[in-house]
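Participant: I have a structure here, written as structure tokens, and I will follow up with some questions on it.
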Amino acid sequence: MPEMEAKNETISASQVENLRDKVVTAIKQVYDPEIPVDVYELGLIYEITVYPVNNVYVQMTLTSPNCPSAEFIPSEVKDKIQQIQGVNNVEVEVTFDPPYSQDMMSEAAKLELGFL
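Have a look at this one:
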């Protein structure tokens with residue numbers, strides 16, 4: 011991959027929203043290997059913030075603190091976002107507050123997993 015130059019250009023609100031949509035699309039490519047639903051639809055993403063200088067902050071959780079995929083899911087989320095053209099810095103923070111529950115899943119995820 012070619013290296014990207016970090017630019018400190020400020021972008022408009024519509025560009026921030028467009029970049030946020032790209033971030034969501036990238037996150038939807040990340041799956042917990044034990045569950046056939048992406049981490050976004052599972053409800054593991056608590057917050058996505060795109061700053062006007064193209065920095066991205068994601069706060070997420072895991073299905074449990076002892077999740078066997080705990081080491082690679084957050085780094086895969088970060089890697090997918092960093093592949094988006096124009097993104098500068100990416101920070102992914104894992105939290106367990108509030109703790110994850112099945113209520114956080116989208117209806118599509120609940121349907122896929124047979125909960126509806």
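In the working numbering, the protein residues as written are 11 to 126. Note that CB positions come from ideal geometry on N, CA and C, so glycine has one too.
Does the contact criterion of 3 or more C-beta pairs under 8 Å hold for the stretch 87 to 94 versus the stretch 107 to 118?
Facilitator: No, the stretch 87 to 94 does not touch the stretch 107 to 118.
Participant: Which of helix, strand or coil does DSSP assign to residue 71?
Facilitator: The residue you call residue 71 lines up with position 61 of the sequence shown. Here residue 71 sits in coil by DSSP.
Participant: Only counting runs of 4 or more residues, tell me where the alpha helix (DSSP H) segments fall wholly within the stretch 19 to 104, in order along the chain.
Facilitator: Listed in chain order, they are 23 to 37, 83 to 92.
Participant: Looking only at C-alpha atoms, which of 29, 38, 24 sits nearest to residue 86?
Facilitator: Here residue 86 refers to the residue found at position 76 of the sequence shown. Ranking the options by Cα distance to residue 86, first place goes to 38.
Participant: Starting from residue 121, follow the alpha helix (DSSP H) in both directions and report where the run begins and ends.
Facilitator: Within the sequence shown, the letter at position 111 stands for residue 121. First-last of the alpha helix (DSSP H) with residue 121: 117 to 122.
Participant: Looking at C-alpha atoms only, which residue of 75, 79, 89 is the closest neighbour of residue 66?
Facilitator: Position 56 of the sequence shown holds residue 66. For the residues 75, 79, 89, the minimum Cα distance to residue 66 belongs to 89.
Participant: On the premise that residue 33 lies in contact with residue 58, defined as a C-beta separation below 8 Å, what is that separation, rounded to the nearest angstrom?
Facilitator: Here the question's residue 58 lines up with position 48 in the sequence shown. Here the question's residue 33 lines up with position 23 in the sequence shown. Indeed they touch by this definition, with Cβ atoms about 6 Å apart.
Participant: Taking C-beta to C-beta, are residue 115 and residue 54 nearer than 7 Å?
Facilitator: Walking along the sequence shown from the start, residue 115 turns up at place 105. Walking along the sequence shown from the start, residue 54 turns up at place 44. Not a contact, by the Cβ cut-off of 7 Å.
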